[in-house]
Amino acid sequence: MTDRVTIDIQDHVALVTMNRHDKMNALDPDQIDAIIAAGQEVSTTKGVRAVVLTGGPKAFCAGLDMASMANIAQDAQGDGLMPRTHGIANKFQATAMVWAECPVPVIAAINGHTLGGGFQIALGPDMRIAAPDARFSVMELKWGIVPDMGGLHLARRLMRGDILRRLTYTAETFGAEQALDWGVVTEITDDPLARAIELATAIAGKSPDAIRAAKRLISETEQTSPADTLLAESRIQQELIGTANQMEAVMAGLQKRAPNFTD
């Protein structure tokens, strides 16, 4: 994993970098395995309170490695895509879903090409910080297939149905400004990585219990009824109130000092 995807943890923030730069982080079987393994590692590492996912300065992920298409197609023959090998997902879907299911907030720092499977991976994090030159595409129909790496499920959290249909049906490429207008991108900045780390550091300064509870609450209630949403709010809040980290947050605020949380 370490040669394909690197992990650097500092000050409770895990920086995860896709490291196949000579191929613009294109997805072959080894890269897919490495991305999933990295997501699983940071999800279970004690002390991690926020994650930044990036592909480096030139590309986030250019999608499927065409040299591997035959091997991946062979894996998909018959019922190859149907077994749920990673919770509710198959292996390909897990490359995106592992970031959505990570218990702490994940921020994608995006430069350059973010295409096809790479675009779907970028939809997994909680936020996307993009460079002005970032380019996006739901590219699968160009190759006669449909998005199948969790992208349709994840995209519905962000964009209108007609926009999702347009981008899927046309396989068109669009820029960062359009992505911001459509709700795909959170912010545009000249240095996405620095901004993502800044946000992650701010998040990591909060109670780790509350960080995880907030993500769980938002994720669980995105498509629930008002009654179920209100009930979930009450349930999760009740779990937090009176815990050691919650009391430490209150005391630190009252005493005007930095909190000292326990992971």
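FYI, the working numbering numbers position 89 of the sequence shown as 95, with every residue one higher than the one before it.
Backbone N, C-alpha and C fix where the C-beta goes; we use that ideal spot for every residue, glycine too.
Residues of the same chain with a CB within less than 8 Å of the CB of Thr60, apart from the 5 flanking positions on each side, are Leu21, Val22, Thr23, Met24, Phe66, Ala114, Ala115, Ile116, Asn117, Pro198, Leu199 and Ala202 in chain order. CA-CA distance, Glu107 to Asp196, rounds to 28 Å.
Of Ala56, Asp14, Thr51 and Ile13, the smallest CA-CA separation from Lys212 is found for Ala56. Taking all protein chains in view, the Cβ of Glu228 is surrounded by fewer than 16 other Cβ atoms within 10 Å, so the residue is classified as exposed. Comparing alpha-carbon positions, the option among His27, His18, Met88 and Phe267 lying closest to Asp9 turns out to be His27. Contiguous alpha helix (DSSP H) elements confined to the segment 70-117 occur at 75-82 and 97-106, taking only those with 4 or more residues. The closest CA to that of Ala206, considering only Asp14, Ile13 and His18, is found on His18. The continuous beta strand (DSSP E) containing Gln16 extends over residues Val11 to Gln16. In the DSSP assignment, Met253 falls within the alpha helix (DSSP H) that extends over Ala250 to Gln261. Counting along the chain, Arg218 sits inside the alpha helix (DSSP H) bounded by residues Pro214 to Glu226.
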